[in-house]
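See structure below.
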Amino acid sequence: MSTLVIPGDEITINPDVPVILGPGMYNDPVTRDILPVNAGILNTSNSKKGQTIYVEYDSKRYTPAVGDLVVGIITGSFADSYRVSLANFSTPVSLSYMAFPNASKKNRPTLVIGDLVYARVCTAEKELEAEVECVDSTNGSDAGFGLLDGGMIIEVTLGFARSLLFNNEFPLLRDLAQHCKFEIAIGVNGKIWIKTDEVKDTIACYRSISDCQGKSYDQFRDIIKKHFQEVTTTVEE
Amino acid sequence: MSRLEVYSPEGLRMDGRRWNELRRFETSINTHSHASDGSSYLEQGNNKIITLVKGPTEPTLRSQLDQTKATLQITVNLTKFSKFERSKTTGSTKNERRILEIQTALVRTFEKNLMLNLYPRTIIDIEIHVLQQDGGVLGTLINGITLACIDAGIAMYDYISGVSIGLYDTTPLLDVNSLEEAAMSCVTLGVMGKSEKLSLLQVEDKLPLDRLENVLAIGIAGAHRIRDLMDEALRNHAQKRISNASNK
Amino acid sequence: MADVEENVVEVHPVSFPPEILARISPELSLQRHLSLGFRSSSRGFEEFRDVTINTENLTDDKALKDTIKTNNEKQILGSCVLKQGDVFVITHITGGVIEDSTLSPDDIDEEEDAELLEITEENSDITKYTSVYPVVEVNRGRMGACTDEEMITSQRLYDTLLHSKILTKKSLRVDPGVRITNEDGSVEIIYPDTEAKKEITKAMTPKKKWSYVLYAKIEVFGRTGPVYDMCWNSLMFALQSVKLPRAFIDERATDLKMTVRARGRNAIVMETYNLLCDPEESYRLPLRDIGKSFASTYGLIDLDPEADISKLDSAEDEDESMEGEEEEEVKTVLLADIDGEAEETCIKSTISITTCPNGRFRQLSIVGGGSKITRELLQKSIALSKQRSSDLTLKSQQD
Amino acid sequence: MNVQTGYLQNVDGSCLYSLNSTKVISSVTGPIEPKPRQELPTQLAIEINLRPATGVPTTREITLQDKIRTVITPILASYKFPRQLCQITLQLLQSGETESLFNQLELAACINSTVFALVDSGVPLKNLAIATTIVIDSNNNIIHENITDDILKNNKSVHVIVYQIENNKPSNLLLMDSHGDFDEQDVLKVLEASESNVRQLNKSFREYIQSKLSN
Amino acid sequence: MAKDIEISTSESKFILEALKQNYRLDNRTFDQFRDVKIQFGEELGDVLIEMGKTKVHCKISSSITEPYEDRPFEGLFFISTESSAMAGPQFENGNNTGEDEVLISRIIEKAVRRSGALDIEGLCIVAGRKCWAIRANVHFLDCDGGFVDASCIAVMCALLHYKKPDITVRGEKIIVHPVEEREPVPLGILHIPICVTFSFFNPMDMEENVKGESNSEIVIIDASLKEELLREGVLTVTLNKNREVVQVSKAGGLPMDALTLMECCHKAYSITETITNQILKEIKIDNEKRDKYSAILSSENARETS
């Protein structure tokens, strides 16, 4: 069941079942009330562990949460870690030199300032600096994480990035794939990295993805088609 | 200022120059060897400026530290006595927007000319004191910095020479003084070496679009002459130093 | 969010002397005091600090005696030293004269400008009133730019004074006299007090209008407690002590013209007159009684039952006051004239009321960030503020 | 009332808000990294900047900023983001009142606009806050809508009231700022009138957010 | 100091590579100025300019004051351009000494005030005693590049749109007639300067730029925010419809061939013409809209508005 909630609305919670609070929910440290703190669609689900409540809302500012897949820019390097920016002006997060596949004291990663990385948020305590890792800590493989070489970044809203990553019904990538070959890394921090063989294809993908934000599914195809046509005609001029 | 004749029918300007003549250009290099790493004193007409270059040195502030190249900082001090009328402002002129603009323009001009990437994590601090001003100051500042930077031994691609050109009716007048500057529209150029490439171009008053090209052409030629004058001065200075060194 | 279910850490039986507790946990210290029925300053909940007032002591009578240009030098026209608890608030009011160049309907002489009056007629009310320009300075023992608190207090004083409609623009109008030299060489100043004299001065003075502008400099020493209240009350007393000097124009200056020239153009400009202040004569600033009012602030705070000392060791402590019994229902208490760091930082809900002695309000500002503001509490603070206002009015009359 | 959220590109949340002749844009960015002196160890710090439609900011704007802060601080879920900053900027486009005499219309518009922008930005809020302006005129009539500069000038008293909205109803009084000549009865009457005003505003508020989300 | 926007190496490389292949991210050609959207507010002299995502608001205010002593026949005219964090967190509140802030405000100052676009002698009321002070308040709302160009258009539109209240001078007294009672008077605009900004990119290395003969530098008009962040040089040309250069500013940056710069100036002229015509047209439409009401309201002493 999905209903609109607005900050301050009362939420009926079954008091007998343990509650797991997701994004957009807040347990006030003083009053101990459970409140929605964002305006959006309320989602509740029950599982063996208990009931999960979260608010689905769109925004532009990313705050790290454990397990999120993100695209970041290296903005500094220290003795044992990199500083990574996940969003402009936000507090940077750290990426330890040990959080790479086959890392050891001697085997240092070779990223430089300005490089893009695909990573996973591994700790995100609100009082501490968040950390990301470029390794799948369960088996030590790279799991697709690491340096994103070349390509281009598209900045989208967080909700759009989530649909792109998690919603299998979302037709955008499928439609894009009909026009060109591409590599893509989607960060839930609203950064999408895309790489194709040709500049013009990347440009077309860039414009398509940017333009498809806030449009309905059935419009995607036309938008994409339009942009791919445009890039080919520009070259001929 | 009533009817002063800016440009006589005989083709003479107020100070007796022809339209395409530069002002007196005299310079000494390495004037403040104890106070700086490179310095110059330049008189271009009645403009008199001292330029001091300090650096590359370690920056005092962390914010000035750049991992990939040197930070360039330029401070212009227009002294209060540099003009006929003393400026009325009581406070310092440091934060006046006009001065800030000049400083920014100079930094951006020399950033592309000095090979700052050779001196990472350092700062190069240039200080200019204008002792007397008489029109076309920005051009003079550029020349002063070029000379001082060469004296300081900072690697650069080429000379940048600056000059102002006025347009009197249809006649361009090279290297204007302050009386001329007040009487007509002027263009200031900063030219890269012997090329036709402009590092800096500023027009602050109205000027017919179709005359601009002509003015630029005269300006570039004038700037090339200034480059030669600077080159000569530097070579003479270097000669002297070499002979001094070998005499010992 | 995992730690939600965890229990609150129990209070360890560590004891601190009261003064240390007040520093490390002002909130708890305050709550403990309140639970015992009094405040850290040992005042009762609804008790104000004592106020003493001293007006006109700083007024510079000597300066009035010297004829000075009002435009340049500022003399003190009225003053007040207010002491509330340990806080000193020194207010002095200075003035200047400005020329009214744009006309408002009131300014137009009826006979000649009747037609113009019609078109510029505005029925607006508030525009007929004016305010003083206050500058509040809270001394903190160091120099520096104005703090936000100073600026906000100044602005609040300005707004409240304006909206109190205590000062009409008309009351600040300067009606200049003329200083003439008689045939026998004696100098006399004629003021437009009588009809006959009105005729003379009207003929002599130029058709210009001047007004006084009042500035108030309010200095606060040893700041603690509601700054606005103390500044407002002090300003009120100071304003009542203001004496405006009468002003006149020298006969010789009444018809001065001069030429200006620039870029080959000429124009004749009337020279600015020197309006001079009379050293002998002055009059009290007319204030509208309806605006005289006094400010007081109340803080609301929820009592924290956990901090209640009487419950911690209720076994021995039985002599509880009234509050203790009522506590189950009334959890929010009202504190008058909050002061001290603990009260100022912990109390988030405040009610500030500026009340006339007749019980009407001039300004009311409620900030409800903390405890809920109920109608009862609001009414209680209103009643207190009325009492406070009449107390202070009495004080000003005794003075 | 006219509202348009998401009006600006480079900030996290924004709102163009106009009510009668008062028009204001607000923008919210956060949580972002604060400057060291702004940082609060346990809470989200807020920075509010208000710029007048004409001229430079003065004490009047600082006073308005302070009033907005007293309203916004209690509704933010500020413990959720310790050592972070929420940057709020307000730009008045049209004041709708004589700026030297009044600030009441601007204050109410700024608060409502800021709350919309906060909702748009996704900065966590515990409640909403809704502001309204009420005038009692010289005939003791309560005027609660379509307040113009002329009405303000002829006021007997003028009030700005902000209510906290809890569970779709006005609950706590967050701010009441009154000037002029009024008594206890007036205060109670104004509170009553404002509550119904706020109820009304809250309804359109909700409708707007609903329509925005369903797109 | 406010932080800068971070931009990754891949991104900057890609944008430059795309430019080399004749592409811009937003599907414009190199010489294409963004469409300008002009919206007038309810009040006179209230204008919102949109160029793509860039938004600039300008509002004119006026008051009566005393002229400067040394200029008794002239009114006062100020342009205030203070940036705020609204346009993006990279702008610091109330900071007007930052490099970019200074350059923007100086260029607008030169383009509009110094060039005499507003007839300040017409603002004189009583010589040496009273004059109008006109203030153009520029508010940067949203930044996607081209602040100088947009603000210049905004200031000029607002000045053209504004009308100051009519006044009657009676000796020393001045009576200001409210706008509702007497038709207000437009300001005297002497010419309309339009700024066009060019951005330069260097596809080769620095040596090629300084010593080479190829002149391969890329020139684009009206850069977007990303392009502004990456550009190596910038030139702002201000022209008016009378083929006059009002102001040119290339404050350093990539050295550019003089002929290329001349070419830029000529390109700027055609843009200037188009925008000037658009401004005049929209001002006229708006005036007509307002006239419908004022025709009913205006009394017999309504003035001719030129």
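Protein chains in written order, with UniProt numbering: chain A, 1 to 237; chain B, 1 to 248; chain C, 1 to 399; chain D, 1 to 215; chain E, 1 to 306.
From the three backbone atoms N, C-alpha and C, an ideal C-beta is built for every residue, glycine too.
- Taking 8 Å as the cut-off, the Cβ atoms of B:G38 and B:C149 count as close.
- With a minimum length of 4 residues, the unbroken runs of alpha helix (DSSP H) contained wholly in the stretch 138-223 of chain E fall at 147-161 and 206-211.
- E:E43 counts as buried, since no fewer than 16 other beta carbons sit within 10 angstroms of its beta carbon.
- Of all residues in the stretch 88-116 of chain D, only L101 place a beta-carbon less than 7 Å from a beta-carbon of chain C.
- Secondary structure at C:H92: strand, using DSSP grouped into helix, strand and coil.
- Excluding five sequence positions before and after C:E46, the CB atoms of its chain that fall closer than 8 Å to its own CB belong to L334, L335, A336 and L384, given in chain order.
- Taking the beta carbon of B:I220 as reference, the chain E residues within 8 Å of it are A258, listed in sequence order.
- Secondary structure note for C:F361: it is in no alpha helix (DSSP H), and the uninterrupted beta strand (DSSP E) holding it is F361 to G368.
- Excluding its 5 nearest sequence neighbours in each direction, B:T71 has C-beta neighbours in its own chain below 6 Å: Q64 and I123, listed in chain order.
- Between the alpha carbons of E:D257 and E:E99 lies a gap of roughly 25 Å.
- D:P170 has D:I165 as its beta-bridge partners, per DSSP.
- B:K69 carries a coil assignment under DSSP once its states are collapsed to helix, strand and coil.
- In the structure shown, the three-state DSSP call for E:H57 is strand.
- With respect to the C-alpha of B:I74, the residue from B:D158, B:L118, B:E101 and B:L61 having the closest C-alpha is B:E101.
- Contacts between E:Q32 and chain A, judged by CB atoms closer than 8 Å, are missing: the closest CB pair is about 12 Å apart.
- Residue-level contact check: D:Q43 does not touch chain A, since none of the beta carbons of chain A fall below 8 Å from its beta carbon.
- The residue among E:N22, E:I38 and E:V56 with its C-alpha nearest the C-alpha of E:D31 is E:N22.
- C:T355 sits away from C:T297, with the two beta carbons spaced by 8 Å or more.
- Residues of the stretch 126-154 of chain D with a C-beta less than 9 Å from any C-beta of chain E: none at all.
- Around the CB of B:M115, fewer than 16 other CB atoms lie within 10 Å, so the residue is classed as exposed.
- For A:L21, the closest C-alpha among the options A:P171, A:V55 and A:V112 is that of A:V55.
- Below the 8 Å Cβ cutoff, chain C contributes no neighbours of D:E166, its closest Cβ being approximately 11 Å away.
- For D:Y79, a Cβ of chain A is located within less than 8 Å of the residue's own Cβ.
- The C-beta of C:V242 has 16 or more other C-beta atoms within 10 Å across all chains shown, which makes the residue buried.
- Pairing A:K60 with D:D186 gives a Cβ-Cβ distance that is not under 8 Å.
- Bounds of the beta strand (DSSP E) holding A:N43 are G40 to N46.
- Taking the C-beta atoms as reference points, D:I161 is found nearer than 8 Å to D:T132.
- The beta carbon of A:A65 lies closer than 6 Å to those of A124 in the same chain, with the five residues before and after it left out.
- For B:D231, the uninterrupted alpha helix (DSSP H) segment begins and ends at L212 to N247.
- Contact between the stretch 130-146 of chain E and the stretch 205-217 of chain E is not established, with fewer than three Cβ pairs separated by less than 8 Å.
- Selection A:A185, A:S210 and A:T233 evaluated against A:L147 yields A:A185 as nearest (Cα-Cα).
- Apart from the 5 residues on each side of it in sequence, B:Q132 sits with its Cβ closer than 7 Å to the Cβ of N46, N47, K48 and S82 in its chain, given in chain order.
- In the displayed model, E:M262 falls within a helix according to three-state DSSP.
- In the three-state scheme derived from DSSP, where H, G and I count as helix and E and B as strand, B:C186 is classed as strand.
- Listed by position along chain E, the residues whose Cβ is nearer than 9 Å to that of D:G55 are S61, S80, R135 and N137.
- Assigned with DSSP and collapsed to three states, D:K23 falls in strand.
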